[in-house]
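To start, the structure itself, in structure tokens.
Residue numbers (our numbering): 9 to 193.
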């Protein structure tokens, strides 16, 4: 698959996206999830995922605890990026996920994230966007560096409600840096 030739687009989470998004989390290989830093004992049930995600569909931007954008490859949902720990008008923390292994390591993630970042900054009126990948997960760390996020520091902690304590790399993209970088994407 040539990512340059593929039709890549994004959209806000819709009802039709709930099943594949929930399946990504509930049917994933446990080793894959662990390598991402997920604590399997914290994994919500399918019904809990559905309630959490459905709530997003009716909330205003200001009310959202999480804001999800679906990644489409040739009009088919293949992944998502969401932000959490949202402080509207200030900052949020980004997550990025390609759902199927055959879509990973092909450059698609970079292109999808580059499409999502402007939406996150605009709709949530952000000044800063952060990402906290597991330090031992090379994929997102390489992606963030390539896009132009600045490495802040590494720390030991629990970066999200679904994670175990781990080495975390904190990356930051300010609105000013984003505006300077976006023309080179």
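Beta carbons are placed, not taken as given, at the ideal position from N, Cα and C, and that holds for glycine.
Residues sharing a beta bridge with residue i, DSSP
| i | result |
| --- | --- |
| residue 106 | 87 |
| residue 136 | 99 and 182 |
| residue 161 | 178 |
| residue 80 | 17 and 85 |
| residue 171 | 46 |
Proximity of residue i and residue j at Cβ, strictly below 8 angstroms
| i | j | result |
| --- | --- | --- |
| residue 167 | residue 140 | yes |
| residue 155 | residue 78 | no |
| residue 121 | residue 106 | no |
| residue 27 | residue 82 | no |
| residue 175 | residue 143 | yes |
| residue 177 | residue 158 | no |
| residue 104 | residue 89 | yes |
| residue 186 | residue 125 | yes |
| residue 47 | residue 171 | yes |
Buried versus exposed call for residue i [16 or more other C-beta atoms within 10 Å across all chains shown]
| i | result |
| --- | --- |
| residue 160 | exposed |
| residue 190 | exposed |
| residue 21 | buried |
| residue 164 | exposed |
| residue 25 | buried |
| residue 169 | exposed |
| residue 60 | exposed |
Bounding residues of the beta strand (DSSP E) (the contiguous stretch that carries residue i)
| i | result |
| --- | --- |
| residue 112 | Premise fails: residue 112 is in no beta strand (DSSP E) and is neither H nor E. |
Delimiting residues of the alpha helix (DSSP H) encompassing residue i
| i | result |
| --- | --- |
| residue 55 | 54 to 66 |
| residue 141 | It is not in any alpha helix (DSSP H) - residue 141 carries neither H nor E in the DSSP assignment. |
Practice item. Count the C-beta pairs between the segment 63 to 76 and the segment 36 to 45 that are closer than 8 angstroms, then say yes if the count reaches three, no if not. Key: The segment 63 to 76 vs the segment 36 to 45: no contact.
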